[in-house]
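Let me begin by presenting the structure, written as structure tokens, before commenting on it.
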Amino acid sequence: MYWFRRGAACALIGMGLVGCSGLTQVQDSISRFDQGTHSASVAETNFLRAVQTADCTSQFYANASDWAIGSLVNFDISGTCVPTILDDKQVQTRQALMDAVTLYADKMVALATGDDNTALDANAQKLAGVLNSTAHQHGFQNLPVAADVEAGIIAISEMALDQRRFSDVKTAAAKMDGSLGAVIGKLKAENTNFAVGIASKIDRLETNLRAVVAGTHQDRRRMSFFDVVEARRIMRSANPFIPQTVIPSQNAAAPQDNAQSAALQLNAVLDTVLAANRAIAGAGTGGIVAAVNNLIVRAQDAQSVQASLNK
Amino acid sequence: MADEAQKDTLLNTVASIRAAELLLLQASRASSDPVTLIKINTEYSHLDSLLSQLLHAQAIADDADFANAVTALKQQAAGLQVEEDDIKKIVANVAAAAEVAGYMAQAASLIATL
Chain A
1 MYWFRRGAAC ALIGMGLVGC SGLTQVQDSI SRFDQGTHSA SVAETNFLRA
51 VQTADCTSQF YANASDWAIG SLVNFDISGT CVPTILDDKQ VQTRQALMDA
101 VTLYADKMVA LATGDDNTAL DANAQKLAGV LNSTAHQHGF QNLPVAADVE
151 AGIIAISEMA LDQRRFSDVK TAAAKMDGSL GAVIGKLKAE NTNFAVGIAS
201 KIDRLETNLR AVVAGTHQDR RRMSFFDVVE ARRIMRSANP FIPQTVIPSQ
251 NAAAPQDNAQ SAALQLNAVL DTVLAANRAI AGAGTGGIVA AVNNLIVRAQ
301 DAQSVQASLN K
Chain B
1 MADEAQKDTL LNTVASIRAA ELLLLQASRA SSDPVTLIKI NTEYSHLDSL
51 LSQLLHAQAI ADDADFANAV TALKQQAAGL QVEEDDIKKI VANVAAAAEV
101 AGYMAQAASL IATL
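Listed in order, the protein sequences are those of chains A and B.
Numbered by the working numbering, the letters in the first sequence go through residues 1 to 311 in order.
Numbered by the working numbering, the letters in the second sequence go through residues 1 to 114 in order.
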């Protein structure tokens with residue numbers, strides 16, 4: 001019975017769109033587009049947290065060495081810290097931008113099911129409502145948010161809540177391209193700047209450790225061999241890009257390059273979200289499948305690289 | 001919130017400070033003298049703190065908060081002149097020291113235009 005109903009639906013829908021196998025392929029691709037967009041969102045969040053992690057790690061070791069040489073009266077091993085580059089509120093606001101992008105992808109899945117109910121689940125509807133009212137009330141005040149970004153968030157959240165305006169994914173993808181681009185463009189511009197902050201903090205840790213180890217060498221002489229080994233272990237734990245084994249120096253990239261390449265990789269993933277959306281809007285089934293597959297592969301890679309930044 | 005010109009200035013200043021940091025890192029790697037390394041680390045820490053404030057400032061939206069951040073940056077930029085002189089005494093490589101000082105002077109003059 002199910003297969004009969006499905007077959008009849010495919011025949012009817014197929015008359016207006018594509019063949020049934022093409023339609024299910026597109027539905028599958030929209031579902032994968034949603035999956036890739038969520039992975040990109042996780043990668044972006046991990047990157048923003050990595051900025052804080054590098055900041056706080058650097059602060060911890062700097063305070064420890066200041067205490068050791070008598071510049072600080074007390075030491076702290078609790079690991080608490082006040083981030084200096086990005087505070088929690090600033091991270092949350094940028095997370096809201098990615099929430100808007102994933103909300104859009106969720107809505108596209110709801111549209112792609114092709115049945116009468118194109119509403120999102122209760123949680124997604126609630127998120128759309130929150131984003132919409134926050135943007136309307138200029139609630140993104142701790143973000144240097146351009147007017148088009150704010151308008152983009154409003155457009156995406158209204159599209160997510162709407163059940164009548166969009167009836168098919170191609171029209172929705174085409175209409176929302178500008179809004180999606182405005183939000184993603186904002187995130188990309190900041191990522192490369194924050195990468196400089198990560199590299200600066202990692203290098204500060206190295207100058208700090210060199211000063212401490214050279215000092216302990218005066219007291220401990222041969223035993224300071226173990227201080228060098230421990231310093232390298234600390235550098236490896238703080239810098240996910242440092243080689244696990246000792247390698248020739250010409251092969252070792254500076255933290256600047258590594259943090260920048262992580263940011264560039266993340267930005268490339270955000271670009272593939274936009275490219276996949278444009279494929280949904282304008283390409284045939286093959287083009288959509290290729291663009292979405294590209295998004296999935298890149299987003300999952302970026303997710304694992306960004307996760308390693310926070311270890 | 002920074003306008004486009006101010007944002008460019010902030011990012012150019014970040015680039016100058018970061019260039020100076022990388023030269024200090026090289027100077028640190030070239031030395032094993034504890035006193036020199038502590039001094040280099042101190043100078044690096046000052047630059048790193050300034051760089052963090054610059055990145056934080058470019059991410060501020062509120063106009064009043066941004067104005068406060070710029071005031072704080074300008075106060076610290078005045079101190080960069082003193083540190084330029086210190087760098088020349090700390091970094092053994094004269095050419096590298098002059099280069100670090102040059103980047104710091106560039107950063108100070110950029111901050112003054114904010």
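Ideal placement from N, C-alpha and C gives every residue a C-beta, glycine not left out.
Here the structure is a predicted model, which means the values were calculated and not measured.
Distance CB(residue i)-CB(residue j) smaller than 8 Å
i, j, result
"A:F33", "A:V213", "no"
"A:A238", "A:A199", "no"
"B:P34", "A:G215", "yes"
"A:L120", "A:D99", "no"
"A:I288", "A:I280", "yes"
"A:A105", "A:V269", "no"
"B:A19", "B:Y103", "yes"
"B:V94", "B:L24", "no"
"A:A182", "A:G152", "yes"
"B:Q58", "A:N46", "no"
"A:V169", "A:I30", "yes"
"A:I242", "A:R233", "no"
"A:V91", "A:L131", "no"
"A:A155", "A:S133", "no"
CB contact below 8 Å: residue i versus chain B
i, result
"A:G152", "no"
"A:I85", "yes"
"A:Q92", "no"
"A:K89", "no"
"A:G194", "Inspection of the sequence shows that residue 194 of chain A is occupied by Phe rather than by Gly. So, interface residue."
"A:S200", "yes"
"A:A43", "no"
"A:Q218", "yes"
"A:A128", "no"
Residue i versus residue j - alpha carbon distance
i, j, result
"A:V149", "A:Q265", "22 Å"
"A:V109", "A:T37", "12 Å"
"A:G185", "A:V273", "11 Å"
"B:E118", "A:N191", "Outside the displayed span of chain B (1 to 114) sits residue 118 of chain B, for which this structure offers no information."
"B:A5", "B:L110", "11 Å"
"B:Q106", "B:D8", "14 Å"
"A:N310", "B:A69", "28 Å"
"A:R94", "A:R221", "49 Å"
"A:A195", "A:K89", "19 Å"
"A:A262", "A:V305", "7 Å"
Cβ of residue i within 8 Å of any chain A Cβ
i, result
"B:L51", "yes"
"B:D86", "no"
"B:V14", "yes"
"B:Y103", "no"
"B:A59", "yes"
"B:L37", "yes"
Reduced DSSP secondary structure (H/G/I, E/B, other) of residue i
i, result
"B:A92", "coil"
"B:A59", "coil"
"A:R6", "Because the pLDDT at A:R6 is just 41, under 50, the model does not fix this residue reliably, and the point stays unresolved."
"A:L120", "coil"
"A:I77", "coil"
"A:L111", "helix"
"A:F225", "helix"
"A:P358", "This structure gives no information on residue 358 of chain A, because the portion of chain A shown stretches from 1 to 311."
"A:V292", "helix"
"A:I184", "helix"
"A:G70", "coil"
"A:Q312", "Residue 312 of chain A is absent from the structure shown; chain A starts at 1 and stops at 311."
message: Taking contact to mean 3 or more Cβ pairs, one atom from each stretch, closer than 8 Å, check whether the stretch 58–75 of chain A and the stretch 9–16 of chain B are in contact.
response: Not touching, per the Cβ criterion.
query: Within the chosen definition, does the stretch 73–87 of chain A reach the stretch 46–62 of chain B through at least 3 CB pairs nearer than 8 Å?
result: Cβ pair count under 8 Å is three or more, so yes.
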